[in-house]
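First up is the structure itself, then whatever we jot down about it.
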Amino acid sequence: MKYQLFIIFLLGNYGIFFAQTPLFQDDSPLELTLTADLNAFTQDRSLKAEYYPAELSYTHNGESVNIPMKIKVRGRFRRDSLVCNFPPVRFNFKKGELPSPFEKQDKLKVVTHCQDDETILKEYYIYKAYNLFTPESFLVRLAKITYVDKAGILPSETHFAFLIESEEHMAKRNKAKPVDEKKRVYKEDVNRLKLGRVYMFNYMISNYDFEVAVRQNMKIMARKTGLPIVVPYDFDWAGIVGAQYTLEGNERKHPYFLRRKFKRFCMSEEEWTGIIDS
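Numbering follows this note's numbering, in which position 169 of the sequence shown is assigned residue number 169; successive positions increment by one, without gaps.
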């Protein structure tokens, strides 16, 4: 497992040439400070979580930058306090001109440390590895974030996290548009060979946590011509990540997600060979 992660690390710098927004044109880790009422924020885990005022601080070209913004808890499984000590975050920037490198950003998903930093780094490099296979993938930017509780109740902590390119920017970069999640889309409705690539990649990382019909960790985008294309995300349940919450409460010696087993998708040998060769 460590050897596989090392290979992904070596290849991780080759995905950025697809980027069109400044934030994802650089692979160097960001050093950020997030200041907010984190005590209230981390306790607000409901599906109707509120936005909280916050400030994002960092140094750019030797100058201090402070951006007023809002944050709220996002996600589904990882927003549960029994799963993550610190939940995933959504950054919401005020409309208008933003300082570098956050130009053209509006709302950004941030994947946080949850239980530990090691798993967040593993998931980050899975995104980077998928960038190697296709530009039809989400770009990510690693960050080291210092969290400061404005209320002074929680101690300041520094952890790794990564920012994810917005769905709109990803689709625009690929000359496409996101397909409304309310629209029912099945395996038969999307580009078959590109879906096969998604299945093969998930087999490589030992991940079963995806499905087209219910939009489980799948975004779908469409171009003016051709069938829609599936773009995977959220790889925390992959066996190569080995997140602690995927192991807890499982009495079996070898949980299913640690056994590399192909999730059923029927294609001919010629089609699979074409995917491997592409």
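We put the beta carbon where it would ideally sit given N, CA and C, even for glycine. Note that the structure is a prediction, hence the values are computed from the model and not measured.
C-alpha gap between residue i and residue j, whole angstroms
i, j, result
"Y51", "V198", "34 Å"
"D234", "F24", "18 Å"
"R90", "I126", "21 Å"
"Y70", "E97", "With the sequence shown as reference, residue 70 is identified as Lys, and Tyr is not the correct amino acid for it. C-alpha separation (whole angstroms): 16 Å."
"F77", "R192", "29 Å"
"H113", "H159", "6 Å"
"D117", "V214", "30 Å"
"P135", "K48", "33 Å"
"P22", "R173", "13 Å"
"S278", "M170", "21 Å"
"K177", "E188", "19 Å"
"N66", "W237", "35 Å"
"S268", "A151", "60 Å"
"E270", "I240", "28 Å"
"D180", "E168", "12 Å"
"Q20", "I145", "24 Å"
"S156", "Y245", "24 Å"
"E31", "K95", "23 Å"
"W272", "S64", "51 Å"
"S81", "D209", "21 Å"
"G75", "E55", "21 Å"
"S46", "C266", "39 Å"
"P88", "R79", "6 Å"
Check whether residue i and residue j have beta carbons under 8 Å apart
i, j, result
"L139", "E103", "no"
"F262", "Y186", "no"
"S206", "R264", "no"
"L38", "L132", "no"
"A161", "V83", "no"
"Q105", "F86", "no"
"S57", "T42", "no"
"V212", "V231", "no"
"V148", "T59", "no"
"V295", "D26", "Residue 295 cannot be examined here, being either before or after the span of the chain that is shown, 1 to 278."
"A143", "P68", "no"
"L163", "L247", "no"
"G196", "I275", "yes"
Host alpha helix (DSSP H) of residue i (start-end)
i, result
"V198", "192-204"
"E97", "Note, E97: premise wrong, no alpha helix (DSSP H); not H, not E."
"A171", "167-173"
"L121", "117-133"
Closest by C-alpha distance to residue i, when choosing among the options
i, options, result
"I120", "R141, E181, K72", "R141"
"K284", "S137, L163, K144, D149", "Residue 284 is absent from the model: the chain starts at 1 and stops at 278."
"G62", "G152, S100, L195", "S100"
"P53", "V65, S64, A40", "A40"
"Y130", "S46, C266, D209, M200", "M200"
"P228", "M170, H169, K194", "K194"
"M218", "I145, R184, A151, K150", "R184"
"Y115", "M267, G242, T273, G274", "Looking at the sequence shown, residue 115 is not Tyr but Gln. Out of M267, G242, T273, G274, G242 has the C-alpha closest to the C-alpha of Q115."
"K182", "S64, Q216, T273, S46", "Q216"
Limits of the beta strand (DSSP E) - the one that residue i falls within
i, result
"R69", "Per the sequence presented here, residue 69 reads as Met, with Arg not at that position. 63-73 is the span of the beta strand (DSSP E), which, as asked, contains M69."
"R90", "89-93"
"M292", "This structure cannot settle anything about residue 292, because the visible part of the chain is limited to 1 through 278."
"I275", "Counting along the chain, I275 falls outside any beta strand (DSSP E), though it belongs to the alpha helix (DSSP H) covering 269-277."
"L163", "157-164"
"H60", "52-60"
"I229", "229-232"
"A40", "Looking at the DSSP string, A40 is not in any beta strand (DSSP E); the run it does join, the alpha helix (DSSP H), is 38-43."
"A354", "Within the shown structure, residues of the chain are numbered from 1 to 278, placing residue 354 beyond reach of any answer."
"V110", "107-111"
- [ ] Inspect the CB distances between the stretch 209-225 and the stretch 115-129 and report whether three or more fall short of 8 Å.
- [x] At 8 Å Cβ cutoff, the stretches do not touch.
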